[in-house]
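Student: Read in order, the letters of the sequence shown correspond to residues 108 to 285 in the numbering used here.
We treat Cβ as the ideally placed atom computed from N, Cα and C, and that holds for glycine.
Have a look at this one.
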Amino acid sequence: MKIIGICGSPRDGNSEYMLRTFLKEMQDKGNQVEIVLLKNENLLFCTGCQTCETTKTCRLTDNMNKIFSKMLNSDLIVFSFPIYFDYMPALMKNLIDRTNSRYEKLKNKKFVFLAVGALKGKEAKPGQKMVLDQMKDIIGIYGLKLEGYYFAEANKPGEIKNYPEQLEKIKDIARKIK
Ligand SMILES: Cc1cc2nc3c(=O)[nH]c(=O)nc-3n(C[C@H](O)[C@H](O)[C@H](O)COP(=O)(O)O)c2cc1C
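See below:
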């Protein structure tokens, strides 16, 4: 299986570590994995020109067409991102906006998402519920098949490394995917 992991954090942080943990597990099972860190990509904001609605591609000349091709050529797409104000960060949301008029081509692909927020326990639940609802909506629009998701609780960059039990949950998702 070909897997593309897309990280939506603007820093070298927990989301990236979680994504690499997941991808390593999938690679160890013989899958072909690739990672895209949106923070390192030239990705302009959607201008709302709606040209894509006729051409089915984006007129902006940046890295989006390259990233979309990678998504298209994958069997499993993984998003990993921090929770910002009970939502995904702008980097991640912009990637979604930029798939306008062509996301239909991703229909039936397998999908996993990993999210991380600073809040813990009961305090984290309302924000996690918001993000879950947002993601379910996007998954429905795209027609993806949700294979698993995980909400981690960590704040400082790399703090997630101190929580092997959380990383184990991420590995578990990978182990169950066929
Ligand atoms: C602008 C901003 C907004 C944030 N909003 C939330 C939030 O709503 N809920 C939460 O639990 N954590 C929030 N956080 C904390 C981050 O989600 C947390 O630090 C996370 O570990 C960052 O992941 P990263 O290391 O992958 O960037 C916010 C952080 C920033 C910078």
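When the Cβ atoms of the segment 215-225 are set against those of the segment 183-194, are three or more pairs found closer than 8 Å?
Tutor: The answer is yes - the segment 183-194 touches the segment 215-225, with three or more Cβ pairs under 8 Å.
Student: Mind listing, in chain order, the residues whose beta carbon lies closer than 6 Å to a non-hydrogen atom of ligand 1?
Tutor: In chain order, the hits are Ser116, Arg118, Gly120, Asn121, Ser122, Pro189, Ile190, Tyr191, Phe192, Asp193, Val223, Gly224, Ala225, Leu226, Ala231, Gly234, Ala261, Asn262, Pro264.
Student: Is the Cβ-Cβ distance between Cys153 and Asn201 less than 8 Å?
Tutor: A contact, by the Cβ cut-off of 8 Å.
Student: Keeping to the same chain, check which residues put their C-beta closer than 7 Å to that of Glu132; ignore five residues upstream and five downstream.
Tutor: Around Glu132: Lys278, Ala281, Arg282.
Student: Please identify the residue among Thr161, Asp135, Cys156, Glu266 whose C-alpha is closest to the C-alpha of Leu167.
Tutor: With distances taken between Cα atoms, Leu167 lies closest to Cys156.
Student: So, with DSSP's three-state summary, where would you put Ile284?
Tutor: Here Ile284 sits in coil by DSSP.
Student: If distances are taken between C-alpha atoms only, which option among Leu251, Asp193, Ile174 comes closest to Glu211?
Tutor: Residue Leu251 is the option with its Cα nearest to Glu211.
Student: As a quick exercise: from Glu272, Glu266, Ile284, pick the residue whose alpha carbon is nearest that of Glu123.
Tutor: Minimum Cα distance to Glu123 is reached at Glu266.
Student: Return the chain-ordered list of same chain residues with a C-beta closer than 8 Å to the C-beta of Gln139, the five sequence neighbours on each side being excluded.
Tutor: The residues are Met108, Lys109, Ile110.
Student: In the structure shown, what three-state DSSP assignment does Ile203 receive?
Tutor: In the structure shown, Ile203 sits in a helix (DSSP, three-state: H, G or I).
Student: Cutting at 7 Å between CB atoms, please list the residues of its own chain near Asp169, excluding the five before and the five after it.
Tutor: Asn149, Leu150, Leu151, listed in sequence order.
Student: In the DSSP assignment, find the unbroken alpha helix (DSSP H) run with Gly234 in it and report its ends.
Tutor: Where Gly234 is concerned, the enclosing alpha helix (DSSP H) stretches over 232-249.
Student: Going by beta-carbon coordinates alone, are Lys276 and Tyr256 separated by less than 8 Å?
Tutor: Result no, Cβ atoms of Lys276 and Tyr256 do not sit closer than 8 Å.
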